[in-house]
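Peer 1: First residue of the sequence shown: 48, per this note's numbering; consecutive thereafter. Take a look at the following structure, please.
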Amino acid sequence: MKQNLIQTFTQKKGVKEIIDFFYEQKIEIRFVGGCIRDALLKKPIEDIDFAVKSHPEKVINILQSSNIKFDDYAKKYGSFIIWFEEKKFQVTCLRQDFNQKGRDTNIRFTDSWKKDALRRDFTINALYLSLTGNLYDYFSGLEDLSNQQVKFIGDIDKRITEDYLRIFRYFRFLGCFEELNVLSDYEKIILKYIPSLNKFVSNEAMRIELLKMLKNHFPINSFQDFIIKNEKNNLIKQVNNWWLEDNYVLGIKCMKRINNFF
(Lines of atoms letter the chains of each structure in order from A and count residues from 1; the text may use other names and numbers.)
(Lines give C-alpha, C1' and ligand atoms only; values in the text may rest on other atoms or scores of the structure.)
Protein backbone atom coordinates (compact mmCIF):
# COMPACT_ATOMS: atom_id res chain seq x y z
CA MET A 1 0.00 0.00 0.00
CA LYS A 2 2.78 2.44 0.92
CA GLN A 3 4.65 1.76 -2.31
CA ASN A 4 1.36 2.24 -4.12
CA LEU A 5 1.19 5.71 -2.59
CA ILE A 6 4.65 6.51 -3.90
CA GLN A 7 3.62 5.32 -7.38
CA THR A 8 0.41 7.37 -7.19
CA PHE A 9 2.29 10.53 -6.28
CA THR A 10 5.18 10.12 -8.75
CA GLN A 11 2.73 9.75 -11.62
CA LYS A 12 1.81 13.39 -11.06
CA LYS A 13 3.62 15.86 -13.26
CA GLY A 14 6.75 17.32 -11.67
CA VAL A 15 6.76 15.10 -8.58
CA LYS A 16 9.58 12.78 -9.62
CA GLU A 17 11.65 15.76 -10.70
CA ILE A 18 11.33 17.58 -7.37
CA ILE A 19 12.14 14.53 -5.23
CA ASP A 20 15.10 13.64 -7.47
CA PHE A 21 16.38 17.20 -7.13
CA PHE A 22 16.42 17.16 -3.32
CA TYR A 23 17.73 13.59 -3.24
CA GLU A 24 20.68 14.63 -5.40
CA GLN A 25 21.31 17.55 -3.03
CA LYS A 26 21.40 15.05 -0.14
CA ILE A 27 18.43 16.74 1.54
CA GLU A 28 15.87 14.39 3.07
CA ILE A 29 12.42 15.04 1.65
CA ARG A 30 9.09 13.45 2.54
CA PHE A 31 5.53 13.75 1.33
CA VAL A 32 3.40 15.27 4.06
CA GLY A 33 -0.14 15.99 5.15
CA GLY A 34 -3.18 16.27 2.95
CA CYS A 35 -1.93 14.33 -0.06
CA ILE A 36 -1.35 11.26 2.12
CA ARG A 37 -4.65 11.69 3.95
CA ASP A 38 -6.60 12.07 0.72
CA ALA A 39 -4.85 9.16 -0.99
CA LEU A 40 -5.68 6.87 1.95
CA LEU A 41 -9.29 8.08 1.81
CA LYS A 42 -9.29 7.42 -1.96
CA LYS A 43 -10.07 11.05 -2.66
CA PRO A 44 -8.71 13.01 -5.64
CA ILE A 45 -5.29 14.45 -4.87
CA GLU A 46 -5.16 18.13 -5.74
CA ASP A 47 -1.92 19.34 -4.17
CA ILE A 48 1.20 17.48 -3.13
CA ASP A 49 3.21 19.06 -0.33
CA PHE A 50 6.64 18.20 0.97
CA ALA A 51 8.69 18.66 4.13
CA VAL A 52 12.49 18.83 3.99
CA LYS A 53 15.14 18.38 6.64
CA SER A 54 17.07 21.52 5.89
CA HIS A 55 17.50 25.16 6.85
CA PRO A 56 15.73 27.66 4.54
CA GLU A 57 18.96 29.43 3.57
CA LYS A 58 20.40 26.20 2.23
CA VAL A 59 17.22 25.55 0.24
CA ILE A 60 17.38 29.05 -1.26
CA ASN A 61 21.05 28.63 -2.19
CA ILE A 62 20.56 25.34 -4.02
CA LEU A 63 17.46 26.60 -5.82
CA GLN A 64 19.25 29.74 -6.98
CA SER A 65 22.42 27.90 -8.03
CA SER A 66 20.31 25.41 -10.00
CA ASN A 67 18.16 28.13 -11.62
CA ILE A 68 14.99 26.61 -10.22
CA LYS A 69 11.96 28.92 -10.23
CA PHE A 70 10.64 29.51 -6.71
CA ASP A 71 8.69 31.96 -4.55
CA ASP A 72 9.99 32.68 -1.06
CA TYR A 73 7.05 34.83 0.14
CA ALA A 74 6.87 32.68 3.31
CA LYS A 75 10.61 32.41 3.78
CA LYS A 76 10.45 33.36 7.45
CA TYR A 77 8.33 30.23 8.01
CA GLY A 78 10.73 28.10 5.96
CA SER A 79 8.08 27.59 3.29
CA PHE A 80 8.56 27.90 -0.46
CA ILE A 81 6.57 27.48 -3.63
CA ILE A 82 8.79 25.66 -6.13
CA TRP A 83 8.03 25.02 -9.80
CA PHE A 84 8.97 21.81 -11.58
CA GLU A 85 7.59 20.87 -14.99
CA GLU A 86 5.33 23.96 -14.83
CA LYS A 87 3.68 22.60 -11.69
CA LYS A 88 4.02 24.28 -8.32
CA PHE A 89 4.69 22.49 -5.04
CA GLN A 90 4.86 23.72 -1.47
CA VAL A 91 8.04 22.70 0.30
CA THR A 92 8.49 23.52 3.98
CA CYS A 93 11.55 23.12 6.19
CA LEU A 94 11.07 21.26 9.47
CA ARG A 95 10.18 23.73 12.20
CA GLN A 96 8.60 24.27 15.59
CA ASP A 97 5.96 26.95 16.19
CA PHE A 98 5.62 28.78 19.49
CA ASN A 99 3.86 31.89 20.84
CA GLN A 100 1.38 31.44 18.02
CA LYS A 101 -1.32 34.06 17.48
CA GLY A 102 -3.55 33.27 14.54
CA ARG A 103 -1.56 32.99 11.33
CA ASP A 104 1.48 34.60 13.01
CA THR A 105 3.93 32.56 15.01
CA ASN A 106 7.50 32.55 16.24
CA ILE A 107 9.44 29.68 14.75
CA ARG A 108 12.51 27.60 15.37
CA PHE A 109 13.93 25.32 12.68
CA THR A 110 14.63 21.75 13.71
CA ASP A 111 16.01 18.43 12.48
CA SER A 112 13.22 16.49 14.23
CA TRP A 113 10.34 15.19 12.13
CA LYS A 114 8.25 14.59 15.24
CA LYS A 115 8.73 18.16 16.46
CA ASP A 116 7.58 19.35 13.05
CA ALA A 117 4.54 17.07 13.33
CA LEU A 118 3.64 18.61 16.71
CA ARG A 119 2.83 21.97 15.09
CA ARG A 120 0.25 20.46 12.75
CA ASP A 121 -3.40 20.78 13.65
CA PHE A 122 -4.89 17.27 13.41
CA THR A 123 -3.50 13.76 13.69
CA ILE A 124 -4.76 12.88 10.20
CA ASN A 125 -2.67 15.73 8.77
CA ALA A 126 0.56 14.74 10.56
CA LEU A 127 1.43 11.83 8.28
CA TYR A 128 4.79 11.69 6.47
CA LEU A 129 5.83 9.35 3.67
CA SER A 130 9.50 8.78 2.86
CA LEU A 131 10.81 8.10 -0.64
CA THR A 132 11.39 4.46 0.37
CA GLY A 133 7.71 4.07 1.26
CA ASN A 134 7.98 4.29 5.05
CA LEU A 135 4.88 5.91 6.52
CA TYR A 136 5.55 7.93 9.68
CA ASP A 137 2.54 8.36 11.95
CA TYR A 138 3.52 10.14 15.17
CA PHE A 139 0.05 10.62 16.70
CA SER A 140 -2.04 7.62 15.57
CA GLY A 141 -3.47 9.46 12.58
CA LEU A 142 -3.96 6.20 10.68
CA GLU A 143 -6.13 4.85 13.49
CA ASP A 144 -8.17 8.06 13.49
CA LEU A 145 -8.63 7.80 9.71
CA SER A 146 -9.88 4.25 10.20
CA ASN A 147 -12.24 5.38 12.98
CA GLN A 148 -13.40 8.37 10.92
CA GLN A 149 -12.41 10.83 13.63
CA VAL A 150 -10.83 14.26 13.53
CA LYS A 151 -8.54 14.76 16.53
CA PHE A 152 -6.48 17.77 17.50
CA ILE A 153 -2.81 17.25 18.27
CA GLY A 154 -2.29 18.32 21.87
CA ASP A 155 -4.67 20.28 24.05
CA ILE A 156 -7.75 21.29 22.06
CA ASP A 157 -8.29 24.61 23.91
CA LYS A 158 -4.69 25.63 23.35
CA ARG A 159 -4.72 24.68 19.68
CA ILE A 160 -7.95 26.58 19.00
CA THR A 161 -6.87 29.76 20.77
CA GLU A 162 -3.57 29.67 18.89
CA ASP A 163 -5.50 29.92 15.63
CA TYR A 164 -9.29 30.15 15.59
CA LEU A 165 -9.41 29.19 11.93
CA ARG A 166 -8.78 25.64 13.15
CA ILE A 167 -12.44 25.41 14.16
CA PHE A 168 -13.40 25.86 10.52
CA ARG A 169 -10.78 23.33 9.49
CA TYR A 170 -12.16 20.91 12.05
CA PHE A 171 -15.64 21.12 10.56
CA ARG A 172 -14.16 20.86 7.07
CA PHE A 173 -12.42 17.59 7.82
CA LEU A 174 -15.58 16.14 9.36
CA GLY A 175 -16.87 16.16 5.78
CA CYS A 176 -14.13 13.77 4.68
CA PHE A 177 -15.91 10.91 6.44
CA GLU A 178 -19.17 9.12 5.77
CA GLU A 179 -19.98 8.89 9.49
CA LEU A 180 -20.23 11.97 11.71
CA ASN A 181 -18.05 10.82 14.61
CA VAL A 182 -17.40 13.67 17.06
CA LEU A 183 -15.54 12.99 20.30
CA SER A 184 -17.88 13.60 23.23
CA ASP A 185 -15.60 16.09 25.00
CA TYR A 186 -14.99 18.05 21.79
CA GLU A 187 -18.58 19.17 21.32
CA LYS A 188 -18.81 21.41 24.39
CA ILE A 189 -15.31 22.82 23.90
CA ILE A 190 -15.82 23.72 20.24
CA LEU A 191 -19.28 25.20 20.79
CA LYS A 192 -18.00 27.63 23.43
CA TYR A 193 -15.63 29.26 20.93
CA ILE A 194 -18.03 29.66 18.02
CA PRO A 195 -19.77 32.91 19.20
CA SER A 196 -16.48 34.85 19.21
CA LEU A 197 -14.98 33.53 15.96
CA ASN A 198 -15.74 36.70 14.00
CA LYS A 199 -13.33 38.60 16.25
CA PHE A 200 -10.45 36.50 14.96
CA VAL A 201 -11.45 35.19 11.51
CA SER A 202 -12.43 37.42 8.57
CA ASN A 203 -15.57 36.89 6.53
CA GLU A 204 -13.48 36.00 3.51
CA ALA A 205 -11.43 33.42 5.42
CA MET A 206 -14.67 31.87 6.67
CA ARG A 207 -16.11 31.79 3.14
CA ILE A 208 -13.00 30.10 1.73
CA GLU A 209 -13.28 27.35 4.34
CA LEU A 210 -16.99 26.83 3.67
CA LEU A 211 -16.33 26.57 -0.05
CA LYS A 212 -13.76 23.87 0.70
CA MET A 213 -16.37 22.06 2.82
CA LEU A 214 -18.72 22.04 -0.16
CA LYS A 215 -16.11 20.10 -2.17
CA ASN A 216 -15.92 17.26 0.37
CA HIS A 217 -17.25 13.76 -0.32
CA PHE A 218 -19.70 14.13 2.58
CA PRO A 219 -20.26 17.89 2.97
CA ILE A 220 -23.43 17.43 5.02
CA ASN A 221 -21.24 16.33 7.94
CA SER A 222 -19.57 19.74 7.95
CA PHE A 223 -22.93 21.52 8.09
CA GLN A 224 -25.34 19.48 10.19
CA ASP A 225 -25.77 19.40 13.97
CA PHE A 226 -23.68 16.90 15.91
CA ILE A 227 -26.79 15.25 17.34
CA ILE A 228 -29.89 16.39 15.43
CA LYS A 229 -29.65 15.28 11.82
CA ASN A 230 -31.01 17.51 9.06
CA GLU A 231 -30.51 20.58 11.24
CA LYS A 232 -27.72 23.10 10.72
CA ASN A 233 -24.97 23.09 13.28
CA ASN A 234 -24.14 26.10 15.45
CA LEU A 235 -21.21 27.12 13.28
CA ILE A 236 -23.33 27.46 10.14
CA LYS A 237 -26.14 29.23 12.01
CA GLN A 238 -23.74 31.71 13.57
CA VAL A 239 -21.82 32.44 10.38
CA ASN A 240 -25.10 32.94 8.51
CA ASN A 241 -26.21 35.53 11.09
CA TRP A 242 -22.93 37.42 10.84
CA TRP A 243 -23.07 37.53 7.06
CA LEU A 244 -26.66 38.74 7.03
CA GLU A 245 -25.80 41.48 9.55
CA ASP A 246 -22.78 42.54 7.45
CA ASN A 247 -24.70 42.16 4.19
CA TYR A 248 -21.74 40.12 2.99
CA VAL A 249 -22.98 39.30 -0.51
CA LEU A 250 -20.42 36.65 -1.41
CA GLY A 251 -21.01 34.92 1.90
CA ILE A 252 -24.80 34.98 1.52
CA LYS A 253 -24.40 33.45 -1.95
CA CYS A 254 -22.22 30.70 -0.46
CA MET A 255 -24.74 30.08 2.34
CA LYS A 256 -27.51 29.55 -0.23
CA ARG A 257 -25.59 26.55 -1.52
CA ILE A 258 -25.35 25.16 2.00
CA ASN A 259 -29.08 25.72 2.54
CA ASN A 260 -29.75 23.27 -0.30
CA PHE A 261 -28.67 20.44 2.01
CA PHE A 262 -31.58 21.13 4.40
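Built from N, CA and C at the ideal position, the CB exists for glycine as well. Note that the structure is a prediction, hence the values are computed from the model and not measured.
Any idea what DSSP makes of Ile154, helix, strand or coil?
Peer 2: Correct three-state label for Ile154: strand.
Peer 1: Buried or exposed: Asn114, going by 16 or more other Cβ atoms within 10 Å of its Cβ?
Peer 2: Label assigned to Asn114: exposed.
Peer 1: With C-beta atoms as the reference, is Asn287 less than 8 Å away from Leu238?
Peer 2: Result no, Cβ atoms of Asn287 and Leu238 do not sit closer than 8 Å.
Peer 1: Take Asn263 and list the residues in its own chain whose beta-carbon comes closer than 8 Å to its own, dropping the five residues that flank it on each side.
Peer 2: Cβ within range, chain order: Arg219, Gly222, Cys223, Ser269.
Peer 1: Per DSSP, what kind of secondary structure is Gln195 in: helix, strand or coil?
Peer 2: DSSP places Gln195 in coil when its eight states are reduced to three.
Peer 1: For Lys73, name the three-state secondary structure that DSSP assigns.
Peer 2: Coil at Lys73, not helix or strand.
Peer 1: Going by DSSP, what residue range makes up the beta strand (DSSP E) through Cys140?
Peer 2: Its beta strand (DSSP E) spans residues 134-140.
Peer 1: Whose CA, out of Leu176, Tyr240, Leu212, Asp204, lies closest to the CA of Arg84?
Peer 2: Measuring from the Cα of Arg84, the nearest candidate turns out to be Leu176.
Peer 1: For the alpha helix (DSSP H) that contains Val296, what are its first and last residues?
Peer 2: Looking at the DSSP string, the run of the alpha helix (DSSP H) that includes Val296 is 296-306.
Peer 1: Inspect the beta-carbon positions of Tyr240 and Ile207 and report whether they are closer than 8 Å.
Peer 2: Yes, the Cβ-Cβ distance between Tyr240 and Ile207 is below 8 Å.
Peer 1: What are the residues that DSSP puts in a beta bridge with Tyr175?
Peer 2: Answer is Val79, Tyr183, bridged to Tyr175.
Peer 1: Could you tell me the distance, in whole angstroms, from the CA atom of His102 to the CA atom of Leu88?
Peer 2: If you take the alpha carbons of His102 and Leu88, they lie about 32 Å apart.
Peer 1: Could you spell out where the alpha helix (DSSP H) holding Phe273 opens and where it closes?
Peer 2: Phe273 -> no alpha helix (DSSP H), and no H or E assigned at all.
Peer 1: State whether the region 124-144 contacts the region 64-74, with contact taken as three or more CB pairs (one from each stretch) at a distance under 8 Å.
Peer 2: With a cut-off of 8 Å, the region 64-74 and the region 124-144 count as touching, because enough Cβ pairs lie within range.
Peer 1: When the distance is taken between beta carbons, is Val99 closer than 8 Å to Glu71?
Peer 2: Result no, Cβ atoms of Glu71 and Val99 do not sit closer than 8 Å.
Peer 1: I need the DSSP call for Asn19, collapsed to helix, strand or coil.
Peer 2: Residue 19 lies beyond the stretch modelled for the chain, which goes from 48 to 309, so this question has no answer here.
Peer 1: Around the C-beta of Arg166, are 16 or more other C-beta atoms found within 10 angstroms, so that it is buried, or is it exposed?
Peer 2: Buried, by the Cβ-count rule.
Peer 1: If you count every other CB in all the chains shown that lies within 10 Å of the CB of Arg254, and 16 or more means buried, which is it?
Peer 2: It is buried - the Cβ of Arg254 has at least 16 other Cβ atoms within 10 Å.
Peer 1: So what's Phe97 in DSSP terms, helix, strand or just coil?
Peer 2: Phe97: strand per DSSP, three-state reduction.
Peer 1: Using only the alpha-carbon positions, how far apart do Asn51 and Thr170 sit?
Peer 2: The alpha-carbon atoms of Asn51 and Thr170 are separated by roughly 22 Å.
Peer 1: Within 10 angstroms of its Cβ, does Ser193 collect 16 or more other Cβ (buried), or is it exposed?
Peer 2: Per the 10 Å Cβ criterion, exposed.
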